[in-house]
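In what follows, a structure is listed as structure tokens, so that the remarks can point back to it.
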Amino acid sequence: MRKYMESRYIPYIRTRYRETSGRCFQVRAHIQNALVFVRYIMCMVFLILTLCNIYNKYNNAASAVIENNIISIVNECIDNEVIKARKSFRENDFLIISKNRNGKVLSVKNDVIGANEFALALSENILSGLENTDNNKIKKNFGGIMENGILASFIMNAPVRIVPTGKVNVTPEFSMENAGENQKVHRLKMEISVKIKIFLPFHRVERRIERVFIVSETIIH
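Quick note on numbering: the sequence shown equals residues 418 to 638 in this note's numbering.
This is the structure in structure tokens:
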């Protein structure tokens, strides 16, 4: 081993040592760069997952709130049209009562034609009212949706569209009940069923709204 320690071998030993040390440094540098890159990718993935989670929560909450508001608007439209239609008809228009000279009731018949006319007018009025509610903008408190008091002052406008699909189904239903001695109650109900499409900013949904109204109630002695 001593002969390798002579002066003529020293430059070779130093060069070999330096080359070996440089290679190790390069390998370590590559490993560190790879670790930094992996950490960067992991941070980006966690950030994207967090943003997606926040977006999904907000989208679900906002969609539920907007859908409830839309359904309330549709129900209000139906109520208004029922009130308008009832003003055009009298309660006795849906009932045919035959009496003798003494005023005793001989027979009671349902006026099916009058009830169908009322149902047709009501269906057309509701459909027209829903078409006029198209392109509504619903204002909603952003903080209320996110359950955050800091954002309570932020108000957003959510553009939505209400599109009725098909026609409004209005079905008349007659009923007769005893109301005591020698008394009967005659009722006319209207079963209303309407299917609508709600176009929200991010998606669309279909809802069916069903209502029942008593449009006529007559006591027969």
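Idealized CB from N, CA, C, for every residue including glycine.
In chain order, what residues of the same chain lie with their CB nearer than 6 Å to the CB of residue i, ignoring the 5 residues before and after it?
| i | result |
| --- | --- |
| R625 | K612 |
| F642 | The structure shown does not extend to residue 642, since the chain spans only 418 to 638, so no value can be given for it. |
Quick one, which of the options has its alpha-carbon nearest residue i's?
| i | options | result |
| --- | --- | --- |
| C627 | V585, L468, L617 and M593 | For the sequence presented, residue 627 should be read as Glu rather than Cys. Among V585, L468, L617 and M593, the Cα nearest to that of E627 is on V585. |
| I579 | F616, I609, M593 and G597 | F616 |
| E634 | A478, V491 and F506 | F506 |
| T582 | E548, I465, Q449 and K516 | E548 |
| K614 | A451, T550 and Y472 | T550 |
Is it right to say residue i is buried, meaning 16 or more other beta carbons lie within 10 angstroms of its own, or is it exposed?
| i | result |
| --- | --- |
| V632 | buried |
| F511 | buried |
| I458 | exposed |
| A536 | buried |
Short check: CB of residue i to CB of residue j, under 9 Å?
| i | j | result |
| --- | --- | --- |
| V577 | I543 | no |
| P589 | V491 | no |
| C494 | G531 | no |
| V482 | I637 | no |
| V622 | S480 | yes |
Quick one: Cα of residue i to Cα of residue j, how far?
| i | j | result |
| --- | --- | --- |
| S610 | I513 | 27 Å |
| R518 | N527 | 22 Å |
| C460 | Q449 | 16 Å |
| S489 | E534 | 27 Å |
| I465 | H620 | 21 Å |
| K504 | D496 | 13 Å |
| L468 | E541 | 46 Å |
| V455 | E484 | 43 Å |
| G597 | G520 | 19 Å |
| I471 | N595 | 59 Å |
| F463 | A446 | 26 Å |
By Cβ distance, which residues of its chain are closer than 7 Å to residue i, with the 5 residues on each side in sequence left out?
| i | result |
| --- | --- |
| L539 | E498, V499, A502, V587 and M607 |
| I487 | V577, I579 and I615 |
With a threshold of 8 Å on Cβ separation, who are the neighbours of residue i within its own chain once the five nearest residues in sequence on each side are excluded?
| i | result |
| --- | --- |
| M593 | V525, K601, V602, H603 and R604 |
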